[in-house]
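This report refers to the structure that appears directly beneath it.
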Amino acid sequence: MKFDYIIGNPPYQMEDGGAGASATPVYNKFIDAVKELDPSVLSLIIPAKWYSGGKGLDQFRQEMLNDSHIRRLADYTNSLDVFPDADIAGGVCIFVRDKSYEGGAATIPTHITELLRNVSENWTCSTLSFDIL
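Quick note: the sequence shown uses the numbering used here, first residue 4, plus one each step.
Here it is as structure tokens:
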């Protein structure tokens, strides 16, 4: 099965019965699995903790920082700007990985109003079809 676009919000961590501080992240494994599907464009929202730490995320962090196909990266230090009912420590980030793109990631504004304005002004969409898994 071939996917041109994959957009999602993967599970963030394995529940361990604690308050979450000791939970093992799984979003990195999800991203690795999705990359194996070789989509043209991949866009996911994930915790932003991977920038500076996180249990077992050293290799993932290096791969993300060195991935020349990351076209866009938006960092939301306050996750409530994106998920009004979910306070995620460290915030969240949204990235767009485009396999036809070579270069560094262009960051985009993180204030939601500015982001929405930029999307409506700069991004157009022709007729697309999607498969929901």
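Glycine residues also receive a C-beta, built at the ideal position from the N, C-alpha and C atoms.
Given Tyr104, which residues of its chain have a CB within under 6 Å of its CB, disregarding the five upstream and five downstream residues? Translated into positions along the sequence shown, residue 104 becomes position 101. Taken in chain order, the residues that qualify are His72 and Arg74.
Here's the rule I'm using: 16 or more other beta-carbon atoms within 10 Å means buried, otherwise exposed. How should Met17 be labelled? Numbered from its first residue, the sequence shown carries residue 17 at position 14. Counting Cβ neighbours within 10 Å, Met17 comes out exposed, since fewer than 16 surround it.
C-beta atoms of Gly94 and Ala51 nearer than 7 Å: Mapped onto the sequence shown, residue 94 falls at position 91. Mapped onto the sequence shown, residue 51 falls at position 48. Yes, Cβ-Cβ distance for Gly94 and Ala51 is below 7 Å.
Return yes when the Cβ of Pro42 is within less than 7 Å of the Cβ of Ile10, no when it is not. As a working note, residue 10 is residue 7 in the sequence shown. As a working note, residue 42 is residue 39 in the sequence shown. For Ile10 and Pro42, no; Cβs fall outside 7 Å.
Considering Cα atoms alone, identify which of Pro87, Ser46, Leu83 and Asp19 is closest to Phe98. Along the sequence shown, one-based indexing puts residue 98 at 95. The option with the nearest alpha carbon to Phe98 is Ser46.
CB-CB under 6 Å to Phe33, same chain, minus the five flanking residues each way: which ones, in chain order? Locating residue 33 in the sequence shown gives position 30, counting from the first residue. Excluding sequence neighbours, Phe33 sits near Pro13.
In chain order, which alpha helix (DSSP H) runs of at least 4 residues are fully inside the region 68-112? none
What are the boundary residues of the beta strand (DSSP E) that Tyr54 is part of? Counting from 1 along the sequence shown, the entry for residue 54 is found at position 51. Looking at the DSSP string, Tyr54 is not in any beta strand (DSSP E), and its letter there is neither H nor E.
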